[in-house]
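Numbering-wise, the sequence shown is residues 657 to 786 according to the working numbering. Glycine residues also receive a C-beta, built at the ideal position from the N, C-alpha and C atoms.
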Amino acid sequence: MYSIKEKQELVTLLKKDNFFEEDSQLFIRKYPRHPLNRELARVNAVNRDRLHSQLLYHLLDVVKESEILENRKPLSVKKVSALEKPKKEAEKVKIDAEEQAKEIAKNQQPESEQSPETEVDTEKKSGKKE
657 MYSIKEKQEL VTLLKKDNFF EEDSQLFIRK YPRHPLNREL ARVNAVNRDR LHSQLLYHLL
717 DVVKESEILE NRKPLSVKKV SALEKPKKEA EKVKIDAEEQ AKEIAKNQQP ESEQSPETEV
777 DTEKKSGKKE
């Protein structure tokens with residue numbers, strides 16, 4: 657996916673101590689049998705930084721940067737954004753349906769409603785004279 661140089665730059669950009677847990681969970685999901693998982697089970701303050709770099713480096717082989725960033729969002733934000741998409745689409749469909757209904761109603765109006773005529777105009781059409 658990424659070249660070695662790109663991965664090294666991305667690891668530098670992505671490595672933030674407060675996201676270690678989220679990144680390690682993603683790593684375990686993507687690599688359930690990787691040897692690094694044993695070291696992650698025994699993480700401590702001394703090896704945490706090194707392990708974070710290693711797991712990010714390996715993750716970039718199978719996922720894109722955007723997926724790592726998406727995984728870091730709080731669960732509540734993920735749920736809200738997942739719920740908002742269908743709502744926005746439903747609102748768009750509703751607006752489109754209303755516009756279509758108005759257009760159909762406009763096209764199906766009887767002639768008397770489309771152009772109001774006076775009594776004189778009606779008499780001229782029917783040929784009646786008083």
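- Taking C-alpha positions only, residue 686 is separated from residue 701 by approximately 24 Å.
- With a cutoff of 9 Å on beta-carbon distance, residue 657 and residue 718 are scored as near each other.
- Closest option to residue 683, judged by alpha-carbon separation, among 716, 756, 759: 716.
- The Cβ atoms of residue 714 and residue 680 lie no closer than 9 Å to each other.
- Following the DSSP letters along the chain, one finds residue 661 inside the alpha helix (DSSP H) bounded by residues 660-670.
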